[in-house]
Each structure stands twice: as C-alpha cells, then as structure tokens.
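Numbered according to full-length UniProt numbering, the sequence shown terminates at residue 199, and the numbering increases by one at each position without gaps.
Ideal Cβ placement from N, Cα and C applies to all residues, glycine included.
Model, not experiment: these values are computed from the prediction.
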Amino acid sequence: MTEHPARVRPFFSWARISGIYSFSVYAPPRLADVEFSTLLTNITEEARGKRPLIIAGDFNAWSTEWGCRATRQRATTLLDALAPLEAVLLNTGNTPTFTDALGYSVVDLTFASDTLASQVTSWAVSELYTHSDHQVIVFEIEIAGPPRPVTCQSCKWNALSLDTECLTSMMAGAVVLPGPTEEMATRLMAELLVHATRL
Numbered sequence: 001m002t003e004h005p006a007r008v009r010p011f012f013s014w015a016r017i018s019g020i021y022s023f024s025v026y027a028p029p030r031l032a033d034v035e036f037s038t039l040l041t042n043i044t045e046e047a048r049g050k051r052p053l054i055i056a057g058d059f060n061a062w063s064t065e066w067g068c069r070a071t072r073q074r075a076t077t078l079l080d081a082l083a084p085l086e087a088v089l090l091n092t093g094n095t096p097t098f099t100d101a102l103g104y105s106v107v108d109l110t111f112a113s114d115t116l117a118s119q120v121t122s123w124a125v126s127e128l129y130t131h132s133d134h135q136v137i138v139f140e141i142e143i144a145g146p147p148r149p150v151t152c153q154s155c156k157w158n159a160l161s162l163d164t165e166c167l168t169s170m171m172a173g174a175v176v177l178p179g180p181t182e183e184m185a186t187r188l189m190a191e192l193l194v195h196a197t198r199l
C-alpha cells in the first residue's frame with residue numbers, strides 16, 4: 001500500500017495499491033436517503049482526481065441494470081452520484097452476490113474509471129464458499145500497455161435530464177425487427193441516434 005486516506009470516514013475506505021486507487025464501500029440498508037446521498041458525496045469528493053480508480057462494495061442498491069428484478073431510487077441516486085467520476089459498472093450477468101434464507105439479490109457492485117475498465121479482463125461472482133451471505137467478486141486487471149478508453153460502456157446517463165417527450169417521440173418512430181435481445185437493443189440505439197441527429 002503506497003497511499004491511504006488522511007482521515008477515517010464512515011462506511012468506506014480507500015488505498016492506493018500498485019498505482020490503482022481502490023475504494024471499499026459498505027452502505028447499510030438502514031441508511032436513510034439523505035444519509036446514503038451524503039455517503040456518496042463523501043466518496044465522490046474523496047475520489048475526485050484519483051485515477052485509475054476502482055469503487056467496489058455492498059451498496060444495497062437494486063437495479064435491473066446489474067441483474068436485479070426491479071430498480072429502486074437508491075440505484076438511480078448511486079449512478080447519478082458516480083457519473084461525474086466517469087465510473088463504468090463492471091458487473092455482468094445476474095448471478096446473485098448476496099443470498100440468505102429470505103432470498104437473493106445483486107447488491108455488491110464494482111465500478112472502474114473508464115480508462116481502467118478497458119483493462120479488466122474478467123469479472124465474475126465466485127461460487128466458492130465464503131462463510132458469509134455475500135459471494136466474492138473476482139476480476140483481473142491487465143496492466144501491461146497504456147490504458148485505453150472504454151467505448152460503449154462509458155456512456156453516462158443522468159435521469160434528471162431525461163426529456164421523456166423527446167424519447168417517446170424518437171421511440172415511436174423507431175423500427176426494430178425481432179431477433180436476439182442484444183441485437184434488438186443495438187438496432188434500437190442506432191435508430192434512436194439517427195432520430196437524435198435529426199433534431
């Protein structure tokens with residue numbers, strides 16, 4: 001470890017290891033919305049200017065974007081807070097990261113700065129027994145060669161600036177033929193970009 005925070009903050013810590021700033025976060029489910037927002041503000045203030053960057057932990061935030069069955073406000077707050085850091089979500093698939101007697105969910109998330117994300121060669125939820133109700137997240141970072149910016153995964157969305165009327169209008173004019181889900185999504189995005197350039 002070559003660097004660490006000057007002061008202790010509740011619910012997160014960080015260290016610079018092998019040139020990478022790694023943030024570890026635990027956002028208890030008991031945090032009120034204001035407390036959760038304050039935690040995210042503290043994280044983003046501490047992370048500002050630190051690159052390359054990994055932010056990982058149990059955020060207790062649910063979103064279909066990372067494999068949950070529904071999206072809740074906490075997830076939207078999380079994504080909006082991390083957008084200025086240009087952090088890319090590394091989670092793939094919908095393998096549960098948390099399992100207990102009452103059910104399962106995907107609440108353990110990994111974000112990386114856009115240039116570092118392109119160097120992550122794998123990301124997976126380990127199936128090894130952990131003596132915990134959370135699974136281990138494993139990933140590798142290829143540090144040979146200069147970092148490259150991520151192309152499609154580095155898109156940042158801000159739900160507060162969404163023009164629903166414009167989106168509805170563009171979607172109404174889009175024609176997408178049936179096929180595999182990923183191909184349909186790609187074709188839809190291409191159609192929306194065509195409509196957006198006409199506006």
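- Message: With the cut-off set at 9 Å, would you say Ala47 and Trp14 are in Cβ contact?
- Response: yes
- Alpha carbon of Ile55 to alpha carbon of Pro180, nearest angstrom: 32 Å
- First and last residue of the uninterrupted beta strand (DSSP E) at Ser122: 120 to 125
- Query: Should Phe129 be labelled buried (16 or more other beta-carbon atoms within 10 Å of its own) or exposed?
  - Reply: Reading off the sequence, residue 129 comes out as Tyr, not Phe. Tyr129 should be labelled exposed.
- Query: When the Cα atoms are used, what is the spatial distance from Glu3 to Leu82?
  - Reply: 22 Å
- How is the alpha helix (DSSP H) around Glu46 delimited, first residue to last? 33 to 47
- Message: With distance defined between alpha-carbon atoms, name the residue in Arg74, Gly67, Glu65 nearest to Glu35.
- Response: Arg74
- CB-CB under 7 Å to Asp133, same chain, minus the five flanking residues each way: which ones, in chain order? Phe98, Thr99, Asp100
- Return helix, strand or coil for Gly179, following the three-state DSSP convention. coil
- Task: Quick one: residues in its chain with C-beta nearer than 7 Å to the C-beta of Gly93, no 5 flanking neighbours on either side, listed in chain order?
- Result: Gly67
- Message: Taking the alpha helix (DSSP H) that Asp108 belongs to, which residues open and close that run?
- Response: First-last for Asp108: 108 to 113, but that is the beta strand (DSSP E), not the alpha helix (DSSP H).
- Query: What residues match up with Ile54 in a beta bridge as DSSP calls it?
  - Reply: Ser22, Ala112
- Item | Collapsed DSSP secondary structure at Val8 in the structure displayed | coil
- Task: Evaluate Ile43 with the Cβ neighbour count: other Cβ atoms within 10 Å of its Cβ, from every protein chain shown; 16 or more gives buried, anything less gives exposed.
- Result: buried
- Should Ser105 and Leu79 be called a contact, given that it needs their Cβ atoms to be closer than 9 Å? no
- Query: Distance, Cα to Cα, Val125 vs Leu90?
  - Reply: 11 Å
- Round the Cβ separation of Ile141 and Thr110 to the nearest angstrom and send it over; I've been treating them as touching at under 8 Å. 11 Å between Cβ atoms; not a contact.
- Where DSSP assigns a beta bridge to Val88, which residues make up the other side? Ala112
- Query: Going by the beta-carbon positions, is the gap between Asp108 and Gly57 smaller than 9 Å?
  - Reply: yes
- Which residues in the same chain as Glu191 place their Cβ atom closer than 6 Å to its Cβ, once the five residues preceding and following it in sequence are excluded? Ala174
- For Ser37, which of Ser118, Thr76, Thr186, Thr95 has the nearest alpha-carbon? Thr76
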